[in-house]
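Everything below concerns the one structure shown next.
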Amino acid sequence: MSCIYFTAPGGSAEWFENRKGAITASMFAEVRKRLKSGPNKGDFSTAAHNYAFKLAVERISGELLDEPDFDPWQARRGRELEPEARLLYEERYEVLTEQTGLALTEDRVFGASVDSLIGDHGIQEIKCFLAPAKLKGILLDEDIGDCMDQVQGGLWITGAMWCDFTLYCPALKAIGRELTVIRIHRDDDYIAAMEPELWEFNELVESYRAQLTGPAAPVIEEETAEGCFA
5 MSCIYFTAPG GSAEWFENRK GAITASMFAE VRKRLKSGPN KGDFSTAAHN
55 YAFKLAVERI SGELLDEPDF DPWQARRGRE LEPEARLLYE ERYEVLTEQT
105 GLALTEDRVF GASVDSLIGD HGIQEIKCFL APAKLKGILL DEDIGDCMDQ
155 VQGGLWITGA MWCDFTLYCP ALKAIGRELT VIRIHRDDDY IAAMEPELWE
205 FNELVESYRA QLTGPAAPVI EEETAEGCFA
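At position 84 of the sequence shown (counting the first as 1) the number is 88 in this note's numbering, and the numbers step up by one without a gap.
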C-alpha cells in the first residue's frame, strides 16, 4: 500500500487539518470492538458509532468537528517528552531517525501518526504512558496490549517491515530503565484479519454520511393547544 506523508508535528493545527475524515490507527482497536451481549450483540460499540458519525460530518464539511484547542495535559506531556525519547533511542542504538507526522493512504480513508522513519524499512512509535496497568504490561511482560492494532495499522499503511515500539518513562531513569524498546515485526496474517473489519467500519462512516446528505426529514409542525387537549 502506498501512502502520503505529512511532516507537520502531532498536535499542530496542520496535523489536525490533514487527518480530518480519516480513520486513524490510534482508533483501530476501538473500531474493531463489538458488543458482546444485549439486543445489538455484534454491533459496533457506542464509542465507535460516535467516532464514525464524527468522521462522516468531517467528510461532508471538509472541516474538523472536534475542537483542536482541546489539548489534554497527557498529550502535551507526550509531545514534550518525545524529542528526549527519540534522542536517547538514537544514541543507544546508534541510528538516525527521520521525524515525520502523519501517513495517509492515497484515498485518505486511513491514517497513522508515525513518530519516526528509520532507514528504508522501519518506523517508530513513541509512548510516554503514566497508567500503571499499561506500564506494568510493557515493562514486565513486553505486552503492548491494544497498541498492537495501532502498530500493525501503521505498518499496514506505511508498508514498513518493523516498528520499534518505544516506551519512555523518565521516572525509571535512576535504575536505567527509562527507555524500553520492543521491535514489532510486520504480521501480514494480523493485518489480513484486521483489514476487512476496518473497511466494514468505513462502511458505517459512509452510511452516516448517506443519512446526513439524503432527503431531509419532514418537519413536524407543533400542534395547537386545542389539538393537544382535544
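Yeah, the Cβ is synthetic: ideal placement off N, Cα and C, and Gly gets one too.
Using CA atoms only, rank isn't needed, just tell me which of the options is closest to residue i.
i	options	result
G180	L92, I122 and A51	L92
S16	H53, M5, A79 and I8	A79
L143	L159, S211, I8 and L183	L183
P174	G163, E88 and I195	E88
M165	K140, Q128 and C132	Q128
M122	A51, R83 and L159	Sequence check: residue 122 is Ile here, not Met. Of A51, R83 and L159, the residue nearest in Cα terms is L159.
G82	K131, K177 and A12	K131
E102	Y9, E204, W203 and E199	Y9
E86	P13, M5, E204 and K177	P13
E199	G126, V113, Y97 and Y172	V113
F205	L100, A26, T11 and E110	A26
E110	A196, L176, Q215 and C7	C7
Could you tell me if residue i is buried or exposed, where buried requires 16 or more neighbouring beta carbons within 10 angstroms of its beta carbon?
i	result
Q154	buried
A229	Residue placement at A229 is flagged as unreliable, the pLDDT there being 44, under the threshold of 50; the coordinate-derived value follows with that caveat. By the 10 Å Cβ count, A229 comes out exposed.
A116	buried
E18	exposed
Q156	buried
H67	The question names His, yet the displayed sequence has Glu at residue 67. Classification of E67: exposed, given that the 10 Å Cβ count is below 16.
T170	buried
D119	buried
T162	buried
M31	buried
T28	buried
D168	buried
Y55	buried
A196	exposed
Throw me the rounded Cβ distance for the residue i and residue j pair, which I believe falls under 8 Å.
i	j	result
A33	D150	4 Å
Review point. Is there contact here, the stretch 180-191 with the stretch 36-50, by at least three beta-carbon pairs under 8 Å?
Key: The stretch 180-191 is not in contact with the stretch 36-50.
Review point. Is there contact here, the stretch 99-117 with the stretch 19-29, by at least three beta-carbon pairs under 8 Å?
Key: With the cut-off at 8 Å, the stretch 99-117 and the stretch 19-29 touch.
Exercise for review: Check whether the stretch 134-148 touches the stretch 47-64, counting contact only when three or more Cβ pairs, one atom from each stretch, lie closer than 8 Å.
Suggested key: In the pairwise beta carbon analysis, the stretch 134-148 is classified as not touching the stretch 47-64: fewer than three pairs are separated by under 8 Å.
Point to revise | Stretch pair the stretch 197-217 + the stretch 57-68: three plus CB contacts closer than 8 Å | key: A contact exists between the stretch 197-217 and the stretch 57-68.
Check your understanding: If you scan the stretch 131-218 from start to end, which runs of the beta strand (DSSP E) of 3 or more residues do you find wholly inside it?
Key -> Taking only runs of at least 3 residues, the beta strand (DSSP E) segments lying wholly in the stretch 131-218 are 166-172 and 183-189.
Check your understanding: Can you list, in chain order, the stretches of the alpha helix (DSSP H) that have 4 or more residues and sit fully within the stretch 38-103?
Key -> Counting only unbroken stretches of 4 or more residues, the alpha helix (DSSP H) elements lying wholly within the stretch 38-103 are 50-65 and 77-97, in sequence order.
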